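Engineer: In the numbering used here, the protein residues as written are 287 to 372. Glycine residues also receive a C-beta, built at the ideal position from the N, C-alpha and C atoms. Here the structure is a predicted model, which means the values were calculated and not measured.
Shown next, in the form of structure tokens:
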């Protein structure tokens, strides 16, 4: 039944983070295929606002800064503007 609608399937490790991992893979794949710079700008702005909110709530920046940095780097890497792009 699935083969009638989908050409392929990706398996992911079922470790409690599988939804988030699958969602982010699909999201980054969408950005790669669409080259939607407006979406990258929109999500980058939202991530920065989230970072500010966490700081205002009293969270220590070291508890989340790596996650934000890595996400933004991955997001920017799918757009062909420099040698770090995929």
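Is any heavy atom in the ligand FMN found nearer than 6 Å to the beta carbon of residue 343?
Structural biologist: In terms of ligand content, the structure shown is empty, and the ligand FMN therefore cannot be addressed.
Engineer: Provide the residue span of the alpha helix (DSSP H) that contains residue 334, from first to last.
Structural biologist: Taken as a continuous stretch (DSSP letters only), the alpha helix (DSSP H) holding residue 334 covers 323-342.
Engineer: Which of helix, strand or coil does DSSP assign to residue 312?
Structural biologist: Reduced to three states, the DSSP call for residue 312 is helix.
Engineer: What's the C-alpha gap between residue 332 and residue 325?
Structural biologist: Looking at the two C-alpha atoms, the distance is approximately 11 Å.
Engineer: Taking the C-alpha atoms as reference points, what is the distance between residue 345 and residue 299?
Structural biologist: Distance between the alpha carbons of residue 345 and residue 299: 30 Å.
Engineer: By the three-class DSSP mapping on this structure, what secondary structure does residue 298 have?
Structural biologist: It is coil, neither helix nor strand.
Engineer: To the nearest angstrom, report how far apart residue 353 and residue 366 are at their CA atoms.
Structural biologist: Straight-line Cα distance between these residues: approximately 22 Å.
Engineer: If you run the structure through DSSP and keep just helix, strand and coil, what is residue 350?
Structural biologist: Residue state, collapsed to three classes: coil.
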